[in-house]
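Below: the structure, in structure tokens.
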Amino acid sequence: MIGSFGKSMLCPEPGLPQDEVRRRQNRLGECIGYVRWQARRHRCGRVLVVTYQAVEAAFTNIPNVETLHFNAVAGLDRYKDVACLIVIGRPLPSHIELEALAGGYFGATGASGYTTERTGVRTVSGDVRGVRVIRHRDATAEDLRAAICDDELVQAIGRGRGVNRTVDNPLEVHVLADVAPPLAYDKVTTWDVEAPDVVQRMLLAGIAVDSPADAAVLHPQMFESVEQAKKAFQRAVFKGQNPMKDTYREMSLKSAAYRRSGRGVGWQTAYWVSDEREEIRHALEETLRSLADWRPH
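Laid out in structure tokens, this is it:
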């Protein structure tokens, strides 16, 4: 998945300005939401997340999710039956650390620093997609970077023992990193497309609705105002009539039409993924004050 998942995007550090702390917390929160969504999709199986040690604990309390961190995965066999494996980030040393290592092993390096290059990855259909990946400017240092970084991702992916799987026990692998391990990919996509949208975030919080005004009341932790909710809905291409695309439908969504009390108030729709229909109705009534009508679909 194409996006920014380096340590400087996710991991806390002492002495950072508050706006940078919030930026990293927001991106980590998006990744947590993404993992929660995949865990819900694979709720009958196990999900393994491999990421940086500094943020590993952020994923440990998600139901049916287990975690590992980079450089502590080699040889482990207890994850050979996980349903989904998600790699977030990559173990990349700073260019200064890498160049010192390369100098120690191979002598002085030439060019200094990292850059990005466009490379091709092959899909299972035989197509080749271009993606941007990180590289070191010096060829010798790049060989060492690949051994430290790319090979560790291959080790992480290998914990799922994909080579031993069959159609009866498939393994789904998600790689969130600017690295392209030599694999065949079902899908090459971007974080802008795959990051949890407003509907997914509401569903993960319990209830999604197709009314921005009601969403602002139900989910004040997401929306500071009705106007902010409207903008969030627009960004998600939320049409108002039926916002549920295939991504949501695979979650076996339940739904009901509801109408708030008051003259001239129209019908809205609520969606949820649990089996607790009456609890959902009670939550709506409690938060929205009162319902004039409720009609499960």
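For our numbering, add 1 to where a residue sits in the sequence shown, where the first one is 1. Even glycine gets a Cβ: it sits at the ideal position worked out from N, Cα and C. Computed from a prediction, not measured in an experiment: that's the story for all the values here.
Glycine 34 and valine 83 closer than 9 angstroms at C-beta: If you number the sequence shown from 1, residue 34 lands on position 33. If you number the sequence shown from 1, residue 83 lands on position 82. Against a cut-off of 9 angstroms, the Cβ pair of valine 83 and glycine 34 comes out as no contact.
Going by C-alpha to C-alpha distance, which of Gly267, Trp192, His175 sits closest to leucine 184? Residue mapping note: residue 184 aligns to position 183 of the sequence shown, counting from 1. Selected option, being the one with the closest Cα: His175.
Among the residues of its own chain, which have a CB less than 8 angstroms from the CB of glycine 267, if the five just before and after it don't count? On the sequence shown, residue 267 is found 266 positions in, with the first residue counted as 1. Shown here for glycine 267: same chain residues with a beta carbon closer than 8 angstroms to its own, the five before and five after excluded, namely Arg260 in chain order.
Entirely enclosed beta strand (DSSP E) segments - the stretch 154-229, minimum 3 residues: 173-177
Does the beta-carbon distance from threonine 116 to threonine 141 come in below 9 angstroms? Here residue 116 corresponds to residue number 115 of the sequence shown, with the count starting at 1. Here residue 141 corresponds to residue number 140 of the sequence shown, with the count starting at 1. No, these two residues do not count as a Cβ contact at 9 angstroms.
Can you give me the start and stop residues for the alpha helix (DSSP H) that histidine 96 sits inside? Within the sequence shown, numbered from 1, the residue matching residue 96 stands at position 95. Unbroken alpha helix (DSSP H) run through histidine 96: 96-107.
3 or more residues per run - each beta strand (DSSP E) lying fully within the stretch 34-90: With a minimum length of 3 residues, the continuous beta strand (DSSP E) runs that stay inside the stretch 34-90 are 48-52, 66-70, 85-89.
Ordered along the chain, which non-local residues of its own chain (more than five positions away) have a Cβ less than 7 angstroms from that of alanine 59? Position 58 of the sequence shown holds residue 59. Correct list, in chain order: Leu29, Ile33.
So valine 87 packs on valine 50, CB below 8 angstroms; how close in whole Å? Numbered from 1 along the sequence shown, position 86 holds the residue referred to as residue 87. Numbered from 1 along the sequence shown, position 49 holds the residue referred to as residue 50. The sequence shown places isoleucine at residue 87, not valine. So it is a contact: roughly 5 angstroms between Cβ atoms.
Would you check if the distance between the CB atom of histidine 137 and the CB atom of leucine 99 is smaller than 9 angstroms? As a working note, residue 137 is residue 136 in the sequence shown. As a working note, residue 99 is residue 98 in the sequence shown. Yes, the Cβ-Cβ distance between histidine 137 and leucine 99 is below 9 angstroms.
Could you compute how far the alpha carbon of proline 244 sits from the alpha carbon of serine 253? Locating residue 244 in the sequence shown gives position 243, where the first residue counts as 1. Locating residue 253 in the sequence shown gives position 252, where the first residue counts as 1. With a pLDDT of only 49 at proline 244, under 50, the local geometry of the prediction cannot be trusted, and no value is derived from it.
Three-pair Cβ contact test at 8 angstroms for the stretch 185-192 versus the stretch 9-19: no
How is glutamate 251 classed by DSSP in three states: helix, strand or coil? Indexing the sequence shown from 1 puts residue 251 at position 250. If DSSP states are grouped into helix, strand and coil, glutamate 251 belongs with coil.
Just to check my reading of the structure: valine 218 and alanine 209 have Cβ atoms closer than 8 angstroms, yes? What is that Cβ distance to the nearest angstrom? Position 217 of the sequence shown, counting from 1, holds the residue named residue 218. Position 208 of the sequence shown, counting from 1, holds the residue named residue 209. 13 angstroms between Cβ atoms; not a contact.
Extent of the continuous alpha helix (DSSP H) run through threonine 141: For the purposes of this step, residue 141 is taken as the residue at position 140 of the sequence shown. Threonine 141 -> alpha helix (DSSP H) spans 140-149.
Buried or exposed for aspartate 193, going by 16 or more other Cβ atoms inside 10 Å? Sequence index remark: in the sequence shown, residue 193 carries index 192 (1-based). Burial call: exposed.
As a quick exercise: from Arg24, Tyr80, Ala257, Ala271, pick the residue whose alpha carbon is nearest that of glycine 46. To locate residue 46, count along the sequence shown from 1; it is residue 45. It is Tyr80 whose Cα lies nearest to the Cα of glycine 46.
Going by Cα to Cα distance, which pick from Gly263, Val74, Leu77 is closest to serine 291? Taking the sequence shown and counting its residues from 1, the one referred to as residue 291 is at position 290. Among Gly263, Val74, Leu77, the Cα nearest to that of serine 291 is on Gly263.
Residue of Pro92, Glu153, Trp38 minimising C-alpha distance to alanine 206: In the sequence shown, residue 206 corresponds to position 205, counting from 1. The residue with the shortest Cα to Cα distance from alanine 206 is Trp38.
Using DSSP bridges, identify the partner residues of glutamate 118. One-based indexing of the sequence shown puts residue 118 at position 117. Glutamate 118 pairs with Val134.
What are the uninterrupted segments assigned as beta strand (DSSP E) that are 3 or more residues long and contained completely in the stretch 265-289, given in chain order? As far as the stretch 265-289 is concerned, its whole beta strand (DSSP E) runs of at least 3 residues are 268-273.
For the beta strand (DSSP E) holding leucine 292, just list the boundary residues, first then last. Against the sequence shown, residue 292 aligns to sequence position 291. Its beta strand (DSSP E) spans residues 292-297.
Serine 212 burial status per 10 Å Cβ neighbour count (16 or more: buried): For the purposes of this step, residue 212 is taken as residue 211 along the sequence shown, with counting starting at 1. Per the 10 Å Cβ criterion, buried.
With C-beta atoms as the reference, is isoleucine 89 less than 9 angstroms away from valine 48? The residue given as residue 89 occupies position 88 in the sequence shown. The residue given as residue 48 occupies position 47 in the sequence shown. Result no, Cβ atoms of isoleucine 89 and valine 48 do not sit closer than 9 angstroms.
Leucine 204 and tyrosine 272: beta carbons closer than 9 angstroms? Locating residue 204 in the sequence shown gives position 203, where the first residue counts as 1. Locating residue 272 in the sequence shown gives position 271, where the first residue counts as 1. Yes, the pair counts as a contact, with Cβ atoms nearer than the cut-off.
Taking the alpha carbon of cysteine 12 as the reference point, which residue from Ser5, Ala230, Tyr53 has its own alpha carbon closest? Position 11 of the sequence shown, counted from the start, is the residue given in the question as residue 12. Comparing Cα positions, the closest option is Tyr53.
Terminal residues of the continuous alpha helix (DSSP H) containing serine 9? As a position in the sequence shown, residue 9 is number 8, starting the count at 1. 8-11 is the extent of the alpha helix (DSSP H) around serine 9.
Just verifying my parser: in three-state terms, what is the DSSP assignment at alanine 233? For this step, residue 233 is matched to residue 232 along the sequence shown. Note: alanine 233 maps to helix in three-state DSSP.
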